[in-house]
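Here the structure comes first, spelled out in structure tokens, and everything after it is commentary.
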Amino acid sequence: MTQTEIFKTELECGGYSAGHPWYYLLGGKRPTLKQISAYAERFEKRGYRAEEIDAAHRLPEPKRTQVLLKIRAEIMEGLRRDMSGYREAVRNLSAYRKNHQPEASPKICDDAHVAMSLKFSHLLNDFIHLQKLDSVPSQLDLF
């Protein structure tokens, strides 16, 4: 088993990944921010802002740098907001699990499970976007 396969299985439960509400319903562990960031490095899809970042990269200077810095600032603001929301979702999931016994054959997930999967996905996208920005050559690298 490769390191990537091992890492993927850490964020899977009952055949579901951490981006799916059933992962949490079935008792999946809450991923740490470091785990989500590391998962983003190995994620095989591009973030939804990849085309915007590529388009900004093709702009002439100094517009290129201005737009890339603006995009980075927006992503960092979103990351801070999403980290706060993720921590709240983790607390809510912990409280939910404390007050609800797991069902042998669950049929539906609750808001706590959906919130966790959504916040995981938001953070995953934030980290993917930052990695995309980090992969864009700096102005000095262009010459």
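Counting along the sequence shown from 1, when you hit position 81 you're at 80 in numbering that gives the first Met the number 0, and nothing is skipped either side. Think of the CB as a built atom: it goes at the ideal place given N, C-alpha and C, for glycine as much as any other residue. These numbers come from a predicted model, not from an experiment.
Three-way DSSP call (helix, strand, coil) for residue i in this model
i, result
"glutamate 76", "helix"
"isoleucine 5", "Reliability fails at isoleucine 5, whose pLDDT of 47 lies under 50, so the model's placement of it is uncertain and the value that follows must be treated cautiously. It is helical."
"serine 104", "coil"
"tyrosine 22", "helix"
"glutamate 60", "coil"
"serine 137", "coil"
"tyrosine 47", "coil"
Distance between residue j and residue i (C-alpha atoms, nearest Å)
i, j, result
"aspartate 140", "glycine 46", "Any reading at aspartate 140 must be qualified, since the residue scores a pLDDT of 47, below 50, and its modelled position is unreliable; no value is offered."
"arginine 96", "serine 83", "20 Å"
"arginine 86", "glutamate 60", "39 Å"
"glycine 27", "arginine 63", "42 Å"
"glutamate 50", "tyrosine 15", "28 Å"
"leucine 92", "leucine 10", "16 Å"
"serine 104", "leucine 58", "54 Å"
"glycine 13", "leucine 117", "18 Å"
"alanine 39", "arginine 48", "14 Å"
"arginine 90", "arginine 29", "10 Å"
"threonine 31", "valine 135", "27 Å"
"lysine 44", "leucine 67", "21 Å"
"alanine 94", "leucine 129", "32 Å"
"serine 137", "proline 101", "50 Å"
Same chain, Cβ closer than 7 Å to residue i, neighbours up to 5 away in sequence not counted
i, result
"aspartate 125", "Ile74, Gly77, Leu78, Asp81"
Beta-carbon contacts of residue i that lie in its chain and below 6 Å, excluding the five residues immediately before and after
i, result
"serine 120", "Gly18"
"histidine 56", "Val135"
Inter-residue CB distance, residue i and residue j (contact presumed, cutoff 8 Å)
i, j, result
"isoleucine 35", "leucine 123", "6 Å"
Sequence-distant residues of its chain with Cβ nearer than 8 Å to residue i (five each side left out)
i, result
"phenylalanine 42", "Leu123, Ile127"
"threonine 132", "Rather than threonine, the amino acid found at residue 132 in this sequence is leucine. For leucine 132, where only same-chain residues beyond five positions count, the Cβ hits under 8 Å are Ile52, Leu67, Ile70, Arg71, Ile74."
"cysteine 108", "Pro20, Trp21, Tyr23, Leu24"
Beta carbon proximity, residue i to chain C, threshold 9 Å
i, result
"arginine 29", "Among the chains of the structure shown, chain C does not appear; only one protein chain is present."
Answer yes if the region 106-114 comes into contact with the region 11-21, meaning at least three C-beta pairs across the two stretches below 8 Å, and no otherwise. yes
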